[in-house]
Structures are given as structure tokens and as C-alpha cells.
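*Asks:* Here's a structure for you.
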Ligand code: BG6
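Numbering (UniProt numbering), first residue to last: 2 to 498.
What follows is the structure, given as C-alpha cells:
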């Protein structure tokens, strides 16, 4: 696809995300020849930096590019750095953007970026609307001379109400087709591959429904704790930080009906329908029985002491924010009626892994009496990360007399596709937005539908009577009480065990 000449204006450019994610992604695009001929990055922030300072900070002396700076020719990185400029916004983001407009105009004339501008909001979310408004007031959102797009980082809202207000606020200044809500999980190859697994194969989709699927399990585990983000995390928690966005995105791709084509609106229409069909939990009993929250506790992992969540920097010592969430739910539509979904996400687990397990039903008549394997043993395991790939578990006959059945694996690893370099999530998503492809970005109604499902759970956890907060030792698979959720079905599949 064609990437038009353009300028990327990053708000909050002196923050961590720019150096850690955006610039390395841009560097990869630069190296692989994906950047347009005329390309400018203008960092805008409240820090007092010169162009040269900014280049040093995010490129030339960036610890996130060390290997490139060391190993590759200096010329390349120098040329890359020369695309970067910086504009100090002063004390506040809520100022008149006329000086910014002047700078953008000058750079545009000098570098030939043809009036095409991508604004990337990497600031605290409370500033999104302010920035959008100030851009519009300064005439920087109109598209009569080149396109203007706005990328918004997560978190997108704090609840259904705030997400709706934010959508409304942004849409006053930019049209929906100009707004790109980033969810970096959609940039992951394996997440996109859910669509291909389902809709480019005739061996899976016919089974992809309540007639053949017993239940679906999704695990998202991280071994790290909240790291240096205690302050942010304590106001967020696992449900807002991971479930509302990344995990419900995965759910929507599993649940959705086949789109009529691969266009952005065609796919997103089906995702919205899928999210709207999740059964919203309304009564306290269901909320009590189908949701579990917990916090990690101090522990020793490989001889090293790790802090409990409540001792982390920036975290309230009496915090009731969850670092673990497990939710059971149903999907009210023709395809999924009565099929339970079990989704859990947590920090400080034994390992970092995200996987989807499709558990198929037992064959309706058991012929092989001495089968020896668990009856629900047909599984399709989609490894989102790491060891990206797909594993199918099925029964085979044990050689010899009789019909003893044992489990066998068919296993595909993405790494076996040696020829292909897999793009990083941010790299892929940035490139898509630069080319005007919003397929992998969340639409307003999608985000709102996800909040609609999550809101009552958050509300119940905050205000419900006798809502337990379990503890789990860091480095374990979470509270054993979470097994109750999945009771009658078996146990959570703990990858690697
Ligand atoms: C982010 C969350 O969105 O996703 C973090 O804010 C989390 O808390 C991260 O660590 C996980 O992303 P990944 O790609 O490492 O699974």
C-alpha cells in the first residue's frame, strides 16, 4: 500500500511511550523502507527541549535503540534522527495552538509533507479532549488541505459514562473516521490470525459453535508486577487495564460472525455485534458467582523477595484494586447459547503467556471404552504469545491390541516461518494508521459496547456487599477459589505446567 508524505505530531513526546514504543516502531518502519519519502516527527510536550535535545533523548541516546545505534551504521541512525523536531508547548496543553500551527506550517513547507498530519495523543487521558479542542480551534483539524488523523492511546475512558463523554468530546472536533483508538493487542499477528484461522479454513468454522464447543478459556498472564506504574495501576486494576480492552478484543474476534469482507467497517460491524451479545451481568448473585478478583502478595521467587501489591510504590496500602480478575460469562446469540467463556488476567503469575483454549465437546457416543483420556480432550490452543502458534490436541490409537486412545499434538509455530519478520504491534498499527486503514483500531461503538459489559462488574466490586478480595502469592496461578468458577468443567489450563 501507498504511504503518503506526512507529519506525525506526538503530544506527550517527552514521556516514556514515545521513546520505548513509538520511536523503535518508527525506526523499524524506516529501516524496512515503509516510511514515506517526506516524513517528519514533531514532538510536542511541556518539557523545555531543543530539536537536538529531543533527537538525543528519543533516538541518538535512547536506551531502547542501543543495539541499532551500536551495530548499524551511524549514518542511518543520524538520518533517521534528522526527521525529528520538537515544539515546547509551555506550561500547559490547554493553550492557544497558534504557535504550534506556525511550526507545523513551516515544517510542512520545508519538508513537503503535503498537509497530511497524524496527531498521536500519548498524554494522560484527561487531556485528550483539551488537545483535540485546541487543535480544532487553531484550524489544525480541518481536512481541506491534506488529511488529519488522531490516534488516541488507552485507557479510553474509565467507565461507560466517561468513555461515552470522551467519544462525544472528541467527535466534536474530529469526525469518527479521523479517530484511531489504539489497542496494541490488535497489532499482534496472532490476534489477527484468529480471523484467518476461523474464516480462511473450512476445517474450523463448521465446528465453531455451541454444537461442538463445550467451553472457551482465555488466559492472560504476566510475570511482572505493576513495576513503576503503581500510581496509574492503582486507579485502574486488571479489569480496566487488560480486560475491557485487550481481552474483550480477543473475545470479539472469537465470538463474531463471518464478515462479508475484510474492510474496516465490515469487520468492525461484526465485532460490535459480538460485544453487544455478551450477557451483561445484572444481579448480585451472578456477579458474585461469576467474577473473582485478587491481589498478589509478597513472596519469594527464585530466591528473590518480591513485594506484595499493597507495598508497591504509588499503591495505597489499603488498596482494593485487583491485580487478578477471572470472569465467567455467556454470549446471548444463536451461535453461542449456553457456552461458558472463562477469561482471566493477572500480574505476578509464574510466567508471561496469553492463550485461547477452545475445548470441544465429547463425541456424542463413546465407542472406545478403555479410551484412557479425559473425555473433553479435543482442544484447539491458540498461543497468542510467546511461542506464537496453534496447537491441536486429539486422540490417536495406541499401537497394539484393543482400542486404547492416547492424546497427540499437532503443533504449528510461527517461528517456523523463518523468512518472515513479524512486525511489532506498534509498528504494524502505526503503519496502518499512516495508510488510513482503521481495521485494527477500535471504533467508538466497539469501545462503548465493551464498557457496557464491564461497568456492572466494576460497580459490583466497588459497592457490592461482601465482595471478597482474595490474595495469591506472587509467582502462582492466582487464588485457588478461581477454580470454583470453572468447576464441573475441569481446571484452568495453566500453560507450561
Ligand atoms: C498494557 C497494560 O496495555 O498491556 C500493561 O497497561 C500490560 O499493564 C501490557 O503490562 C501487556 O502487554 P503485552 O503486549 O506485553 O502483553
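From the three backbone atoms N, C-alpha and C, an ideal C-beta is built for every residue, glycine too. All values derive from a computational prediction rather than experimental measurement.
Taking the straight line between their C-alpha atoms, what separation do you get for residue 495 and residue 10?
*Replies:* When rounded, the distance between both Cα atoms is 43 Å.
*Asks:* List the residues that DSSP assigns as beta-bridge partners of residue 345.
*Replies:* DSSP, once it has assigned bridges, lists 220 and 327 as partnering residue 345.
*Asks:* Should residue 250 be counted as a contact of ligand 1 given a C-beta to heavy atom distance under 7 Å?
*Replies:* No.
*Asks:* Quick check: what's the CA-CA separation for residue 389 versus residue 223?
*Replies:* Approximately 16 Å, taken between the alpha carbons.
*Asks:* Over the uninterrupted alpha helix (DSSP H) stretch that includes residue 132, give me the two end residues.
*Replies:* Its alpha helix (DSSP H) spans residues 129-138.
*Asks:* Measuring straight from C-alpha to C-alpha, what distance separates residue 247 and residue 2?
*Replies:* Cα to Cα, the separation comes out at about 27 Å.
*Asks:* Just tell me which of 364, 424, 416 and 421 has its CA closest to the CA of residue 395.
*Replies:* Nearest C-alpha to residue 395: 364.
*Asks:* For the beta strand (DSSP E) containing residue 414, name the first residue and the last one.
*Replies:* Looking at the DSSP string, the run of the beta strand (DSSP E) that includes residue 414 is 406-414.
*Asks:* Based on Cα-Cα distance, which residue from 258, 417, 442 and 143 lies nearest to residue 426?
*Replies:* Nearest C-alpha to residue 426: 442.
*Asks:* Buried or exposed: residue 409, going by 16 or more other Cβ atoms within 10 Å of its Cβ?
*Replies:* That one is exposed.
*Asks:* First and last residue of the alpha helix (DSSP H) that includes residue 473?
*Replies:* Element bounds for residue 473: not the alpha helix (DSSP H) but the beta strand (DSSP E), 471-474.
*Asks:* Within 7 Å: the Cβ of residue 223 and any heavy atom of ligand 1?
*Replies:* Answer for residue 223: yes, Cβ within range of ligand 1.
*Asks:* Tell me whether residue 197 is buried or exposed, calling it buried when 16 or more other Cβ atoms sit within 10 Å of its Cβ.
*Replies:* Exposed: under 16 other Cβ atoms inside 10 Å.
*Asks:* According to DSSP, which residues form a beta bridge with residue 10?
*Replies:* According to DSSP, which records beta bridges pairwise, residue 10 is partnered with 43 and 120.
*Asks:* For residue 388, verify whether its CB is less than 7 Å away from any heavy atom of ligand 1.
*Replies:* No, ligand 1 has no heavy atom inside 7 Å of this Cβ.
*Asks:* At the level of alpha carbons, what is the spacing between residue 293 and residue 497?
*Replies:* Residue 293 and residue 497: Cα-Cα distance of roughly 23 Å.
*Asks:* Please go through the segment 60-113 and give each complete beta strand (DSSP E) segment of 3 or more residues, from N-terminal end onward.
*Replies:* Fully enclosed beta strand (DSSP E) runs of 3 or longer: 85-89.
*Asks:* For the structure I just gave you, are there three or more beta carbon pairs, one from the segment 126-135 and one from the segment 87-100, closer than 8 Å?
*Replies:* Verdict: yes, contact present.
*Asks:* Please report the straight-line C-alpha distance between residue 446 and residue 459, rounded to a whole angstrom.
*Replies:* Between residue 446 and residue 459, the C-alpha separation is close to 20 Å.
*Asks:* Report yes if the CB atom of residue 141 is closer than 8 Å to the CB atom of residue 181, and no otherwise.
*Replies:* Against a cut-off of 8 Å, the Cβ pair of residue 181 and residue 141 comes out as no contact.
*Asks:* Starting from residue 294 and walking both ways along the beta strand (DSSP E), at which residues does that stretch end?
*Replies:* Element bounds for residue 294: 292-298.
*Asks:* If we count Cβ pairs, one from each stretch, closer than 8 Å, do we get three or more for the segment 259-271 versus the segment 338-346?
*Replies:* Because the criterion of three Cβ pairs below 8 Å is not met, the segment 259-271 and the segment 338-346 do not touch.
*Asks:* Give a yes or no on whether the C-beta atoms belonging to residue 448 and residue 158 are separated by under 8 Å.
*Replies:* Contact flag set, yes.
*Asks:* In chain order, which beta strand (DSSP E) runs of at least 3 residues are fully inside the segment 162-244?
*Replies:* Entirely contained in the segment 162-244, the beta strand (DSSP E) runs reaching 3 residues are, in chain order, 180-182 and 214-222.
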